[in-house]
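Going by the numbering used here, the letters in the sequence shown line up with residues 21 to 193, in that order.
Input: a single structure, listed below in structure tokens.
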Amino acid sequence: MDQIELAVKLKTINLLRRIYIQKSQPDVELYFGQLPILEYIKDNDGCTQIEIAEKLCVTPASISTSTKRLQKAGLLTKVPDPENLRCNRLSITPEGVVRCENNRKSLLLLYDLMFRGLSEQELESLDAVLTKILKNLAPQSDGTNLNPMDIAALIIEVHKNDEQLKKQMNGNA
């Protein structure tokens, strides 16, 4: 099997996953990255935009834009921090909680669809293959639990070692 064809299939699966997620919530105009923000706020009531940016490995400016939109949509509230008026504390609204719960249900339906017809043995094989691919791309990890901070650290490391990466990719390492 051609490696390019396999890589294209992985990319297509990710694209279809994103489309499915966006279409599963048509009644709320949310951008793709806003649901993780809502879920973080739901789990960390009173958090700040800086905390979210650090946790999700995005810029504070992008979090600011997203939280303004989420607030306008009635999915979160911002309250000035009494100890630092330049800082807002974020909370999710009841409607935001409903959106998170609906999103979680939609994801479970998507995963049921994605893996429909695969046996337990096929799922285990797929898991083993994907774990190997992750280990190849992130050798310092175990290939199973890469959180956003791990991914951010990998991105920084890759940029620091561009020449070494080029050698690895050319088979000269």
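A virtual CB, placed ideally from N, CA and C, is assigned to each residue, including glycine.
- Secondary structure note for T113: it is in no alpha helix (DSSP H), with a DSSP letter that is neither H nor E.
- Under the criterion of beta carbons closer than 8 Å, L96 and S111 qualify as touching, at roughly 7 Å.
- Taking 9 Å as the cut-off, the Cβ atoms of V78 and G53 count as close.
- Within the stretch 60-90, the complete alpha helix (DSSP H) segments of 4 residues or longer fall at 69-76, listed in chain order.
- Looking at L143, T68 and C120, the one whose alpha-carbon comes closest to that of N104 is T68.
- Bridge partners of N104 according to DSSP: D101.
- The continuous stretches of alpha helix (DSSP H) do not include Q160, and DSSP gives it neither H nor E.
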